[in-house]
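Trainee: The structure follows.
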Amino acid sequence: MARIGYAGELAATVEVLHALHRAHVRAIPFENVEVALGRPVSLDLKRLQQKMVAGARGGYCYEQNSLLAAVLERIGFEVAGRGARNRTRGDALLPVTHAVLAVTVEDEQWLVDAGFGWQGPLEPVPLRAGAQVRQSDGWSFAVAEEGEGILVLRSLRAQGWVDLYAFAPQTLHPVDFELMNHYSSTHPRSSFVGKVVAHHIAPDSRYGFVADALRTGRADGSFDERPVAPDELDGLLAEVFGIELGVEDRAAIRRVHPAAG
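Residues 1461 to 1721 in our numbering are what the sequence shown lists, from first letter to last.
The following block contains the structure:
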């Protein structure tokens, strides 16, 4: 718990679930550096602990939510995996490649997701159609229902409610996440292959970096975006996202920057 700065109670309660989720999201950045550099991504728990806890690095959704699931199960929460379809990239029908968790505590289910980057929830969201919450950082989320039991997580923006992702009630298991992880970390059509992606939810702003641009969002709906040059990249990852890389990796990520040719 030292990695996320949590020193509170360890019991299967709604309050603890919220506190752990919030602490995890604040402390462990979303990042895909291993994928961007063409390296395999392991979901083995010991490897995740070595990388994200002892190594003070981050990870993407499979890593983030696999680690969080292990912690929650150890405490006594009932945890089940779900697979979600990203809806933030226009009208294109994308494959189910996002891993989320459904956590049951005190007879209520919660959507738990520490791996959707700057757009995701800081805290758990009630897993029921019609739920709507304004979270402690001022961002609002809602759950809508579609046909065939599909639920959609939505976020309130300046232009109104926007879909983040849709998911079915089917339970997924670690072996399913392994398959999804393989696609997301190796397939040429994956949005994570060949470029650096990093996200962080800070107390006052949310930061998202993709390839060569940094976007900053705020709870009032305002956004800023600026380009990032190759020689800025390693400093940006360290200062904004808390991702400290070794000398070789700092040089390697500059080479995958779009401007590197």
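Don't be surprised by glycine CBs; every beta carbon is placed ideally from N, CA and C.
Just so we're clear, the structure is a prediction, and the values are computed from it rather than from any experiment.
Between which two residues does the alpha helix (DSSP H) containing G1695 stretch?
Mentor: Counting from one through the sequence shown, the residue named residue 1695 turns up at place 235. Start and end: L1693 to F1701.
Trainee: Are the beta-carbon atoms belonging to L1561 and A1529 less than 8 Å from one another?
Mentor: As a first step, residue 1561 must be located in the sequence shown, where it is residue number 101. As a first step, residue 1529 must be located in the sequence shown, where it is residue number 69. Result yes, Cβ atoms of L1561 and A1529 sit closer than 8 Å.
Trainee: Looking only at its own chain, which residues have a Cβ that is under 8 Å from the Cβ of A1720, when we skip the five neighbours before and after it?
Mentor: As a position in the sequence shown, residue 1720 is number 260, starting the count at 1. Contacts found: P1690 and R1714.
Trainee: Across the stretch 1532–1540 and the stretch 1504–1514, are there enough close Cβ pairs to call them in contact, namely three or more that are closer than 8 Å?
Mentor: no
Trainee: Quick check: what's the CA-CA separation for P1555 versus N1546?
Mentor: The count along the sequence shown starts at 1 and reaches residue 1555 at position 95. The count along the sequence shown starts at 1 and reaches residue 1546 at position 86. Distance between the alpha carbons of P1555 and N1546: 8 Å.
Trainee: Check for me: the beta strand (DSSP E) holding D1709 runs from which residue to which?
Mentor: Position 249 of the sequence shown, counted from the first residue, corresponds to residue 1709. Not the beta strand (DSSP E): D1709 falls in the alpha helix (DSSP H), residues V1707 to R1715.
Trainee: To test your reading of the DSSP string, which unbroken alpha helix (DSSP H) runs of 4 or more residues are found completely within the stretch 1554–1626?
Mentor: Fully enclosed alpha helix (DSSP H) runs of 4 or longer: not present.
Trainee: What separation, rounded to the nearest whole angstrom, lies between the Cα atoms of S1596 and V1622?
Mentor: For the purposes of this step, residue 1596 is identified with residue 136 of the sequence shown, where counting begins at 1. For the purposes of this step, residue 1622 is identified with residue 162 of the sequence shown, where counting begins at 1. One C-alpha to the other measures close to 20 Å.
Trainee: Per DSSP, T1676 forms a beta bridge with which residues?
Mentor: To locate residue 1676, count along the sequence shown from 1; it is residue 216. T1676 is bridged to Y1667 and D1684.
Trainee: Starting from A1658, follow the alpha helix (DSSP H) in both directions and report where the run begins and ends.
Mentor: As a working note, residue 1658 is residue 198 in the sequence shown. Note, A1658: premise wrong, no alpha helix (DSSP H); beta strand (DSSP E) at V1657 to I1661.
Trainee: What is the DSSP secondary structure of E1704, reduced to helix, strand or coil?
Mentor: What you label residue 1704 is simply residue 244 of the sequence shown in a count that begins at 1. Three-state DSSP puts E1704 in coil, outside helix and strand.
Trainee: Using the Cα positions of F1537 and G1580, report the straight-line distance between them to the nearest angstrom.
Mentor: Against the sequence shown, residue 1537 aligns to sequence position 77. Against the sequence shown, residue 1580 aligns to sequence position 120. About 21 Å.
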